[in-house]
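Visitor: In the UniProt record's numbering, the protein residues as written are 1 to 92. All C-beta atoms in this analysis are idealised placements derived from N, C-alpha and C, irrespective of residue type, glycine included.
(1) Which two residues bound the contiguous beta strand (DSSP E) that contains residue 76?
(2) Going by DSSP, which residues form a beta bridge with residue 27?
(3) Would residue 49 be called buried (16 or more neighbouring beta carbons within 10 Å of its own) or exposed?
(4) Can you check which of these residues, 27, 90, 64 and 76, is closest to residue 5 by C-alpha distance?
(5) Assuming residue 79 and residue 73 make a contact with CB atoms under 8 Å, what is their CB distance in whole Å?
(6) For residue 47 and residue 20, what's the separation of their Cα atoms in angstroms?
(7) On a CA-only basis, which of 64, 77 and 18 is nearest residue 44? Give me that one, please.
(8) Which term fits residue 42, buried or exposed, when burial requires 16 or more other beta carbons within 10 angstroms of its beta carbon?
Okay, here's the thing in structure tokens:
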């Protein structure tokens with residue numbers, strides 16, 4: 001299960017997207033059968049493309065789940081793909 005989520009995070013990074021809300025509530029399970037189970041990342045409402053820079057700066061945008069936020073975001077309001085790595089660690 002962890003490997004599926006990690007692959008999804010790598011795919012998002014290749015596409016230069018940050019999910020910004022990676023949590024168990026956003027991981028979709030395809031089957032109850034363990035042999036056929038695949039986990040997919042869902043809920044891309046907060047996802048952003050970082051095509052110009054390697055980061056995305058928040059400017060007075062909505063509320064974010066503070067329990068999953070990196071110190072970097074809390075201090076200066078910047079999202080990078082490393083934020084998704086941080087939240088992946090919390091998810092595990």
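Guide: According to the data block:
(1) As a first step, residue 76 must be located in the chain shown, where it is residue number 76. Premise fails: residue 76 lies in the alpha helix (DSSP H), 71-76, not in any beta strand (DSSP E).
(2) Here residue 27 corresponds to residue number 27 of the chain shown, with the count starting at 1. The secondary-structure analysis by DSSP pairs residue 27 across a beta bridge with 41.
(3) Taking the chain shown and counting its residues from 1, one reaches residue 49 at position 49. Taking all protein chains shown into account, residue 49 has fewer than 16 neighbouring C-beta atoms within 10 Å of its C-beta and is therefore exposed.
(4) Taking the first residue of the chain shown as position 1, residue 5 is located at position 5. The shortest Cα separation from residue 5 among 27, 90, 64 and 76 belongs to 27.
(5) Here the question's residue 79 lines up with position 79 in the chain shown. Here the question's residue 73 lines up with position 73 in the chain shown. Sure, about 6 Å apart at Cβ, within 8 Å.
(6) By one-based count along the chain shown, residue 47 stands at place 47. By one-based count along the chain shown, residue 20 stands at place 20. So the two alpha carbons sit approximately 6 Å from each other.
(7) By one-based count along the chain shown, residue 44 stands at place 44. Comparing Cα-Cα distances from residue 44 to each of 64, 77 and 18, the minimum goes to 18.
(8) As a first step, residue 42 must be located in the chain shown, where it is residue number 42. Label assigned to residue 42: exposed.
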